[in-house]
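Novice:
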Amino acid sequence: MSALTVRDVHKRFGTTDVLKGIDLEMGSGEFTVLVGPSGCGKSTLLNIVAGLERQTSGSIEIGGRVVDDVAPKDRDIAMVFQSYALYPSMTVRQNITFGMECRNVPRAQREDAVGRVAKLLQIEALLDRKPAQLSGGQRQRVAMGRALVRDPLLFLFDEPLSNLDAQLRVEMRMEIKQLHHRLGSTIVYVTHDQIEAMTLATRIAVMRQGVVQQFADPETIYNRPANLFVARFMGAPPMNTLPARLEAGPGGSVAVIGHDATAIRLPAPAEAANWIGRAVMVGIRPECIAEPGRIFGDQPAATMTITAPVEMIEPTGAETIVVIRLGEERALARVSPDLRLHLGETARFAVDTRKICLFDPGTEARIA
Amino acid sequence: MRHGSTCNAGGPRVPETNFTIRRAVVYLVVFLIAAIYLVPLVVVVLNSLRTAEEIAQTSMIGWPIHWAWSNYVTAWLDFCIAQTCTGIRPYMLNSALITIPATLISTLLGAVAGYSVALWRFRGDNWIYGIVTLGIFLPQQMRLIPWTIVLRDIGLTNTLTGLVMIHTIQGLSFTTLFCRNYYVAIPQDLMKAARIDGAGFFRIFWRIVLPLSPPILIVTVIWQFTHIWNEFLYGVTFTTGQQQPITAALIALSAAVADVPQHGVQSAAVMLAALPTLLVYLFGGRYFVRGLTAGAVK
């Protein structure tokens, strides 16, 4: 049984199409992340799933039941908001039990539930405080507690970590992941942060302008992006996308970046054979361009060496990001911090050719 | 003043003496304006403590020679207004019976109305809000005839209930405006969370919105109370005799000066009539300023 089915959902505000036919299906226990730039419709979609907004057309099923005409409270969902949305005048305990109060759950049962959730989230000591007396991280926990106490079919998270500082965000991210492992709950999680998407999701839906660009597991999204948008959106720093020409070479097709003697020739995936003689976009992740001598994976033959001028060097400590020139374009490489480079010099780099992607420059879809 | 000195801290030094003189000039001007503003009040307060003879023999402006506290007793208990010698007591009671219910009902209804237009989107919500608040801009005189007809048709002419109704309904324009502008600052996420928790319109109002409301409710109550208490036109138009509120009765009182002008007692009556709003201002004034400037919820 699928936990959530979104079927051809459209949403129009006035003359603006915010969602243009969304189809998604999520299994029970899945952690699905909706990710995309602001304005892509991901939060609108979440609100429609929650029943807080009404879709223009299409339908939503939760746990196999069509819920289009069901009120939010009866959809068996719980939601965590970016602003936490804790009721300011209530204590933490009252915040967590408010839903049960609305559903006339007996007091003893409410107390049991609060105790259980407070223990799980380690907020027992905070139960009698007001939200204003809590730190950002504590508020976040209470907001989660309010959702967990319901034990719903579906959890909805709307950018829950965006208001936290960087360090806390990483901590809470890990906790959410652990909670998901322990409880096996089904989660739909909206974020604009692609790292959150990669680290948390069992499946990611990348959205742009009201359309799902790709719906797949994180590895596929990262290594086999469906189009140039996904390639550039996911990953930090993003994938290098460089115009090239596909030519026939001795051992298969070759993507040629640049023109004259400095042209870089990279072996292209075999599936692209019928693009020989045409322009393509080459996609290559920065971590696939590294210091010479690096062996990628277990196929030494997949590693080739190129030379390229160094235009900028950004040491981050763990690694060094290098801006190099490939043909007429700039590209990013991630090299070992031990590699001593100098601006303006031409240096050698190892390239992992296994993960090269090719895109159609017209439609922007991936060819191979 | 402190603000001025911090501003100068980094800039060119202003000589201390120059600064003190400038400060003195500012204070002087401020005090002068305040004094001019307070003159009528001072005259009334002083006259309320002088006897009629004293005022007649000297002038309207003067320090009391004999402190005539009895003016207040007379004004309150047995001064004759339009041939009824009951003092202003029954009229004060009338005003209280009009002002208190009208203030409470209009504030409560305004809170509910403001809550619904601020936090619940429905078809035509902005139109309804616009029409309700339009009442603020309609001159009182324009509404006299319609109210006359309404009061006559529902049989509430010359009753306190009629005035309560008028002030409640007309107060809604302001109370809705105040509350709505306060409630729009309540985050929509709070509403969404409550809806998912299963709370309906009134439960959200009662359990979430109302506990956040004291600052704006205080402002609204002060505003409504002073306006309704001080209101004169409807009081004098729609009630006569024993049904009049204090503002209307005061006019009758000043007209009832056949023999000797009773400026002392009249002044005392004015002071007593102004006392409730003065007290409201003294005790609630700081909440008023704070409430009007407060960002609602965080």
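So the sequences go chain by chain: A and B.
FYI, in this note's numbering the residues of the first sequence are 1 to 368.
FYI, in this note's numbering the residues of the second sequence are 1001 to 1298.
Where is the CB? At the ideal position from N, CA and C, for every residue including glycine.
Given the structure is predicted, the values throughout are model-derived calculations rather than measurements.
#1: May I ask you to list, following chain order, the residues of the stretch 43 to 65 of chain A that have a beta carbon less than 9 Å from some beta carbon of chain B?
#2: Taking its Cβ as the centre, do 16 or more other Cβ atoms sit within 10 Å of Ala-166 (chain A), making it buried, or is it exposed?
#3: Between Met-239 (chain A) and chain B, is any beta-carbon pair separated by less than 8 Å?
#4: According to the neighbour-count rule (16 or more other Cβ atoms, all chains shown, within 10 Å of its Cβ), is Ala-365 (chain A) buried or exposed?
#5: Roughly how many angstroms lie between the CA atoms of Asp-69 (chain A) and Gly-1155 (chain B), to the nearest whole one?
#6: Would you say Asp-1197 (chain B) faces chain A, with C-beta separation under 8 Å as the test?
#7: Which first and last residues belong to the beta strand (DSSP E) in which Leu-326 (chain A) is found?
#8: Please classify Pro-225 (chain A): is it buried, with 16 or more other beta-carbons within 10 angstroms of its beta-carbon, or exposed?
#9: Could you pull the DSSP bridge partners for Val-190 (chain A) from this structure?
#10: Strictly below 9 Å CB to CB, what residues from chain A border Ile-1208 (chain B)?
#11: Out of B:Pro-1139, B:Thr-1247, B:Trp-1206 and B:Asp-1078, state which residue places its alpha-carbon closest to the alpha-carbon of Leu-1108 (chain B).
#12: Can you give me the Cβ contacts of Gly-1171 (chain B) inside the same chain, cut-off strictly under 6 Å, excluding the 5 residues immediately before and after it?
#13: Out of B:Pro-1276, B:Gly-1124, B:Ala-1185 and B:Gly-1264, point me to the one whose CA is closest to Ile-1246 (chain B)'s CA.
#14: Chain B partners of Met-79 (chain A), CB-CB under 8 Å?
#15: Just how far apart, CA to CA, sit Arg-7 (chain A) and Met-207 (chain A)?
#16: Which residues in chain B have a C-beta closer than 7 Å to the C-beta of Lys-130 (chain A)? List them in chain order.
#17: Could you check which residue in B:Arg-1050, B:Ser-1267 and B:Pro-1215 has the C-alpha nearest to that of Gly-1285 (chain B)?
#18: Is the beta carbon of Asn-240 (chain A) sitting closer than 8 Å to the one on Lys-355 (chain A)?
#19: Count the other CB atoms within 10 Å of the CB of Ala-244 (chain A); is the residue buried (16 or more) or exposed (fewer)?
#20: Under 9 Å between beta-carbons, which chain A residues line up against Asp-1125 (chain B)? List them in chain order, please.
#21: Sorted by chain position, which residues of the same chain lie with C-beta nearer than 7 Å to Asp-1125 (chain B)'s C-beta, five sequence neighbours on each side aside?
#22: Could you tell me the distance, in whole angstroms, from the CA atom of Val-35 (chain A) to the CA atom of Leu-1279 (chain B)?
#23: Please confirm whether Met-339 (chain A) and Glu-291 (chain A) have their CB atoms less than 8 Å apart.
#24: Return the CA-CA distance between Glu-1054 (chain B) and Ala-1035 (chain B), expressed in angstroms with no decimal places.
#25: With DSSP run on the structure shown, which of helix, strand or coil describes Phe-359 (chain A)?
#26: Tell me, please, which residues DSSP counts as bridged to Asp-1189 (chain B).
#27: Checking contacts by CB at 8 Å: is Pro-1139 (chain B) closer than that to chain A?
#28: Just curious, the alpha helix (DSSP H) that Ile-1145 (chain B) is in, first and last residue?
#29: Would you list the residues sitting across from Ile-1251 (chain B) in a DSSP beta bridge?
#30: Per DSSP, what kind of secondary structure is Asn-227 (chain A) in: helix, strand or coil?
#31: Helix, strand or coil for Met-90 (chain A), going by three-state DSSP, please let me know.
#32: Could you give the DSSP three-state label for Phe-296 (chain A): helix, strand or coil?
#33: Excluding the 5 residues flanking Leu-1144 (chain B) on each side, which residues of the same chain have their C-beta closer than 7 Å to its C-beta?
#34: Got a sec, what are the start and stop residues for the beta strand (DSSP E) Gly-27 (chain A) sits in?
#35: For the beta strand (DSSP E) containing Gly-249 (chain A), name the first residue and the last one.
#36: Quick check: the stretch 1190 to 1197 of chain B against the stretch 84 to 96 of chain A, are at least 3 beta-carbon pairs closer than 8 Å?
Specialist: The short version:
#1: Asn-47, Ala-50, Gly-51 and Leu-52
#2: In the first sequence, the residue the question calls residue 166 (chain A) occupies position 166. Per the 10 Å Cβ criterion, exposed.
#3: On the first sequence, position 239 is the one that residue 239 (chain A) refers to. No - not a single Cβ of chain B is within 8 Å of the one on Met-239 (chain A).
#4: Within the first sequence, numbered from 1, the residue matching residue 365 (chain A) stands at position 365. Exposed, by the Cβ-count rule.
#5: Indexing the first sequence from 1 puts residue 69 (chain A) at position 69. Indexing the second sequence from 1 puts residue 1155 (chain B) at position 155. Computed Cα separation, rounded: 47 Å.
#6: If you number the second sequence from 1, residue 1197 (chain B) lands on position 197. At least one chain A Cβ lies under 8 Å of Asp-1197 (chain B).
#7: As a first step, residue 326 (chain A) must be located in the first sequence, where it is residue number 326. First-last of the beta strand (DSSP E) with Leu-326 (chain A): 320 to 326.
#8: Indexing the first sequence from 1 puts residue 225 (chain A) at position 225. Classification for Pro-225 (chain A): buried.
#9: Counted from its first residue, the first sequence places residue 190 (chain A) at position 190. Its beta-bridge partners are A:Leu-34 and A:Asp-158.
#10: Your numbering for residue 1208 (chain B) matches position 208 in the second sequence. Result: Tyr-87, Pro-88, Ser-89, Met-90 and Phe-98.
#11: For the purposes of this step, residue 1108 (chain B) is identified with residue 108 of the second sequence, where counting begins at 1. Closest option to Leu-1108 (chain B), Cα to Cα, is B:Trp-1206.
#12: Sequence index remark: in the second sequence, residue 1171 (chain B) carries index 171 (1-based). The answer, listed in chain order, is Ser-1106 and Gln-1224.
#13: Locating residue 1246 (chain B) in the second sequence gives position 246, counting from the first residue. Of the listed residues, the one whose Cα sits closest to Ile-1246 (chain B) is B:Pro-1276.
#14: As a position in the first sequence, residue 79 (chain A) is number 79, starting the count at 1. Near Met-79 (chain A) (Cβ distances below 8 Å), the residues of chain B are Lys-1192, Ala-1193 and Ile-1196.
#15: On the first sequence, position 7 is the one that residue 7 (chain A) refers to. On the first sequence, position 207 is the one that residue 207 (chain A) refers to. One C-alpha to the other measures close to 16 Å.
#16: Sequence index remark: in the first sequence, residue 130 (chain A) carries index 130 (1-based). Chain B residues near Lys-130 (chain A): none, gap ~11 Å exceeds 7 Å.
#17: Residue 1285 (chain B) sits at position 285 when you count from the first residue of the second sequence. Residue B:Pro-1215 is the option with its Cα nearest to Gly-1285 (chain B).
#18: Taking the first residue of the first sequence as position 1, residue 240 (chain A) is located at position 240. Taking the first residue of the first sequence as position 1, residue 355 (chain A) is located at position 355. Their beta carbons are not under 8 Å apart, which means Asn-240 (chain A) does not touch Lys-355 (chain A) by this criterion.
#19: Mapped onto the first sequence, residue 244 (chain A) falls at position 244. The residue in question, Ala-244 (chain A), is buried, as its Cβ has 16 or more Cβ neighbours within 10 Å.
#20: To locate residue 1125 (chain B), count along the second sequence from 1; it is residue 125. Within 9 Å Cβ-Cβ: nothing; Asp-1125 (chain B) doesn't reach chain A, min ~16 Å.
#21: The residue labelled residue 1125 (chain B) in the question sits at position 125 within the second sequence. The answer, listed in chain order, is Val-1117.
#22: If you number the first sequence from 1, residue 35 (chain A) lands on position 35. If you number the second sequence from 1, residue 1279 (chain B) lands on position 279. Whole-angstrom Cα-Cα distance: 58 Å.
#23: Within the first sequence, numbered from 1, the residue matching residue 339 (chain A) stands at position 339. Within the first sequence, numbered from 1, the residue matching residue 291 (chain A) stands at position 291. The amino acid at residue 339 (chain A) is misidentified as Met; the sequence shows Leu. For Leu-339 (chain A) and Glu-291 (chain A), yes; Cβs fall inside 8 Å.
#24: Locating residue 1054 (chain B) in the second sequence gives position 54, where the first residue counts as 1. Locating residue 1035 (chain B) in the second sequence gives position 35, where the first residue counts as 1. The alpha-carbon atoms of Glu-1054 (chain B) and Ala-1035 (chain B) are separated by roughly 25 Å.
#25: Indexing the first sequence from 1 puts residue 359 (chain A) at position 359. Strand.
#26: Along the second sequence, read from residue 1 onward, the residue named residue 1189 (chain B) stands at position 189. The partner list for Asp-1189 (chain B) (beta bridge, DSSP) is empty, contrary to what the question assumes.
#27: Against the second sequence, residue 1139 (chain B) aligns to sequence position 139. Not one chain A Cβ lies under 8 Å of Pro-1139 (chain B).
#28: For the purposes of this step, residue 1145 (chain B) is taken as residue 145 along the second sequence, with counting starting at 1. 1144 to 1153 is the extent of the alpha helix (DSSP H) around Ile-1145 (chain B).
#29: As a first step, residue 1251 (chain B) is located in the second sequence; it is residue number 251 there, counting from the start. Looking at the DSSP assignment, Ile-1251 (chain B) forms no beta bridge with any residue, so it has no partner.
#30: Walking along the first sequence from the start, residue 227 (chain A) turns up at place 227. Three-state DSSP puts Asn-227 (chain A) in a strand.
#31: Here residue 90 (chain A) corresponds to residue number 90 of the first sequence, with the count starting at 1. Reduced to three states, the DSSP call for Met-90 (chain A) is coil.
#32: As a working mapping, residue 296 (chain A) is identified with position 296 in the first sequence. Three-state result, Phe-296 (chain A): coil.
#33: Here residue 1144 (chain B) refers to the residue found at position 144 of the second sequence. Same-chain partners within the cutoff: Thr-1237.
#34: Here residue 27 (chain A) corresponds to residue number 27 of the first sequence, with the count starting at 1. First-last of the beta strand (DSSP E) with Gly-27 (chain A): 16 to 27.
#35: If you number the first sequence from 1, residue 249 (chain A) lands on position 249. 240 to 249 is the span of the beta strand (DSSP E), which, as asked, contains Gly-249 (chain A).
#36: yes
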